[in-house]
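K.L.:
The structure under discussion is supplied below as structure tokens; questions concerning it will follow.
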Amino acid sequence: MQYPRDTTISKEVLIRDFWSLVRSTVDCYDQKPFISTKIGTLTFSQNNNRANIVAERIKPHFNKKPYGVGLYLKDPLKIIPAMVGVMKSGLYFIPLDVTFPERTLLQMFEIANISCVLTDDRYAEQAESILPAEGIDLINLDALDFAKEVADPIVRYNPDDLVQIMFTSGSTGTPKGAIEDYRYLARSIIVKLWNGDYEPQDRILEVSTFTYSAPHTHLFNALVTGASLYYHDLKEEGMAAMVNALRDEEITVYHSTPTVFRSFLSTLKPGEVFPEVTKFRAGGEKRLPA
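Just so you know, we're using the working numbering here: the sequence shown kicks off at 4 and counts up by one.
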């Protein structure tokens, strides 16, 4: 099977062979950038190895499923390998927004059956303060040795096994969780594959935080196609820097909400164009008339 060029691949085959396809992509594009930010880059090989180390650290702590692993992180260079590592451990992940109030996070812990939290030096003290009870492991990723090489684990899963739970902010009451299993994951990848939305040569601009669902779509598709992700923190770096990133990183795939796109357009100079951008999508909120 030549993936992603084989657009006849079925959802059932993708579910069955997901991790084999991820391994094939890593072998094919091992030194290619997988995720880049203004502070660094992880290649496909580096991201895969870090994910294996995370999986190795998590798996011995659990002897049955299902368990949820909370991700109290913000840095994409940490949260992305953490997401993949949790999946490789056979568990599911729950992004925990570091800006959410403690009450909301405690509700998420209870609803999602979170039994372990991954964090880093920046948020370790804050994460410890919101743990609801004893018996929940708090693992600091900055304490792990990512220089060592760890082989891919054997991942055993069923189509109905959870991959992640995404929560609303709970601003109107109890946060609501949306679940995603391997079946849903495969369907979302297949649709993008058949549409030609992601290809190995693509360079995807990511402006949403990883507590929202859109970046995960890009992440999982990049894992099996060889496309590269370029993260721009819109809140911290601003719109002008995003315009520069589009040009400097030769971005080919643009995806944002209509609100962000309107703001982007307002910053452009007359005649300013981005010929490398060949795929565009604005979504994730109600689109108002121009």
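Note that the Cβ used here is the ideal one computed from N, Cα and C, for glycine as well. Quick caveat: nothing in here was measured; it's all calculated off a predicted structure.
Could you check where the alpha helix (DSSP H) with SER27 kicks off and where it finishes?
P.N.:
Position 24 of the sequence shown, counting from 1, holds the residue named residue 27. 14-31 is the span of the alpha helix (DSSP H), which, as asked, contains SER27.
K.L.:
Cα separation between ASP20 and ARG60?
P.N.:
For the purposes of this step, residue 20 is taken as the residue at position 17 of the sequence shown. For the purposes of this step, residue 60 is taken as the residue at position 57 of the sequence shown. Spanning the two alpha carbons is a distance of roughly 24 Å.
K.L.:
Rounded to the nearest angstrom, what separates GLY90 and LYS151 at their Cα positions?
P.N.:
Stepping through the sequence shown from its first residue, residue 90 is reached at position 87. Stepping through the sequence shown from its first residue, residue 151 is reached at position 148. Sequence inspection shows Met at residue 90; the Gly mentioned does not correspond to that position. Approximately 20 Å, taken between the alpha carbons.
K.L.:
Taking only runs that begin and end inside the region 46-96, name each unbroken alpha helix (DSSP H) of 4 or more residues, in chain order.
P.N.:
47-61, 79-91
K.L.:
If you draw a straight line from the C-alpha of THR281 to the C-alpha of VAL256, how long is it?
P.N.:
Working through the sequence shown from its first residue, we reach residue 281 at position 278. Working through the sequence shown from its first residue, we reach residue 256 at position 253. Approximately 6 Å between the Cα atoms of the pair.
K.L.:
Counting only the same chain and skipping the five closest in sequence on each side, list residues whose C-beta sits under 8 Å from that of PHE267.
P.N.:
Taking the sequence shown and counting its residues from 1, one reaches residue 267 at position 264. Same-chain partners within the cutoff: MET242, MET245, VAL246, SER259.
K.L.:
Looking at VAL120: is its Cβ nearer than 9 Å to the Cβ of ASP140?
P.N.:
Taking the first residue of the sequence shown as 1, we reach residue 120 at position 117. Taking the first residue of the sequence shown as 1, we reach residue 140 at position 137. Yes.
K.L.:
Apart from the five residues on each side of it in sequence, which residues of its chain come closer than 6 Å, Cβ to Cβ, to TYR75?
P.N.:
Translated into positions along the sequence shown, residue 75 becomes position 72. Hits under 6 Å: LEU99, VAL120, THR122, TYR126, ALA130.
K.L.:
Using 10 angstroms around the beta-carbon of GLY73, count the other beta-carbons present and answer buried if the total reaches 16, otherwise exposed.
P.N.:
Locating residue 73 in the sequence shown gives position 70, where the first residue counts as 1. Classification of GLY73: buried, given that the 10 Å Cβ count is 16 or more.
K.L.:
Within a Cβ cutoff of 6 Å, which residues of the same chain sit near HIS235, ignoring the five residues on either side of it in sequence?
P.N.:
Here residue 235 refers to the residue found at position 232 of the sequence shown. Closer than 6 Å at the Cβ level, and outside the excluded window around HIS235, lie VAL210, MET245, ALA248.
K.L.:
Compute the beta-carbon to beta-carbon distance between VAL57 and PRO84, rounded to the nearest angstrom, for a pair I have assumed lies under 8 Å.
P.N.:
Position 54 of the sequence shown holds residue 57. Position 81 of the sequence shown holds residue 84. Confirmed, about 6 Å.
K.L.:
Could you compute how far the alpha carbon of VAL25 sits from the alpha carbon of PRO273?
P.N.:
Position 22 of the sequence shown, counted from the first residue, corresponds to residue 25. Position 270 of the sequence shown, counted from the first residue, corresponds to residue 273. If I take the Cα positions, the gap works out to 42 Å.
K.L.:
Using the Cα positions of GLN5 and THR28, report the straight-line distance between them to the nearest angstrom.
P.N.:
By 1-based counting over the sequence shown, the position of residue 5 is 2. By 1-based counting over the sequence shown, the position of residue 28 is 25. Confidence in GLN5 is poor, its pLDDT being 45 and thus under 50, which makes the residue's placement too unreliable to answer from.
K.L.:
If you drop the 5 nearest sequence neighbours on each side, which residues of the same chain put their C-beta closer than 6 Å to that of ASN50?
P.N.:
One-based indexing of the sequence shown puts residue 50 at position 47. Cβ within range, chain order: PHE37, PRO84.
K.L.:
Within 10 Å of its beta-carbon, does GLN167 have 16 or more other beta-carbons around it, so buried, or fewer, so exposed?
P.N.:
Start at 1 with the first residue of the sequence shown, and residue 167 comes out as number 164. Under this definition GLN167 is a buried residue.
K.L.:
With respect to the alpha helix (DSSP H) encompassing VAL194, which residues constitute its N-terminal and C-terminal limits?
P.N.:
Within the sequence shown, residue 194 is the residue found at index 191, counting from 1. In this chain, the alpha helix (DSSP H) harbouring VAL194 covers 185-198.
K.L.:
Please report the straight-line C-alpha distance between LEU80 and SER39, rounded to a whole angstrom.
P.N.:
Here the question's residue 80 lines up with position 77 in the sequence shown. Here the question's residue 39 lines up with position 36 in the sequence shown. Answer to the nearest angstrom: the Cα atoms are 8 Å apart.
K.L.:
With burial defined as no fewer than 16 other Cβ atoms inside 10 Å of the residue's Cβ, what is the status of ILE82: buried or exposed?
P.N.:
Numbered from 1 along the sequence shown, position 79 holds the residue referred to as residue 82. Per the 10 Å Cβ criterion, buried.
K.L.:
So, at 6 Å on beta carbons, what are the nonlocal neighbours of PRO162 in its own chain, with the 5 sequence-adjacent residues on each side left out?
P.N.:
Sequence index remark: in the sequence shown, residue 162 carries index 159 (1-based). Counting only Cβ-Cβ distances below 6 Å, and skipping sequence neighbours, we find ILE18, TYR185, ARG186.
K.L.:
Any idea what DSSP makes of ILE142, helix, strand or coil?
P.N.:
Numbered from its first residue, the sequence shown carries residue 142 at position 139. Collapsing the DSSP output to three states places ILE142 in a strand.
K.L.:
Excluding the 5 residues preceding and the 5 following GLU14 in the sequence, name in chain order all residues of the same chain whose CB lies nearer than 8 Å to its CB.
P.N.:
Position 11 of the sequence shown, counting from 1, holds the residue named residue 14. It should be noted that the sequence gives Lys, not Glu, for residue 14. The answer, listed in chain order, is ARG186, ALA189, ARG190, ILE193.
K.L.:
Have a look at ILE207 and ARG159 and give me their C-alpha separation to the nearest angstrom.
P.N.:
As a working note, residue 207 is residue 204 in the sequence shown. As a working note, residue 159 is residue 156 in the sequence shown. About 30 Å.
K.L.:
Which residues mark the beginning and the end of the alpha helix (DSSP H) in which LYS272 is found?
P.N.:
As a working note, residue 272 is residue 269 in the sequence shown. Careful: LYS272 lies outside any alpha helix (DSSP H) and carries neither H nor E.
K.L.:
With a Cβ-Cβ cutoff of 9 Å, do PRO156 and ASN55 count as a contact?
P.N.:
For the purposes of this step, residue 156 is taken as the residue at position 153 of the sequence shown. For the purposes of this step, residue 55 is taken as the residue at position 52 of the sequence shown. Yes, the pair counts as a contact, with Cβ atoms nearer than the cut-off.
K.L.:
Out of GLY287, GLU239, LYS62, LEU196, point me to the one whose CA is closest to PHE223's CA.
P.N.:
As a working note, residue 223 is residue 220 in the sequence shown. Taking only the C-alpha atoms, the option nearest PHE223 is LEU196.
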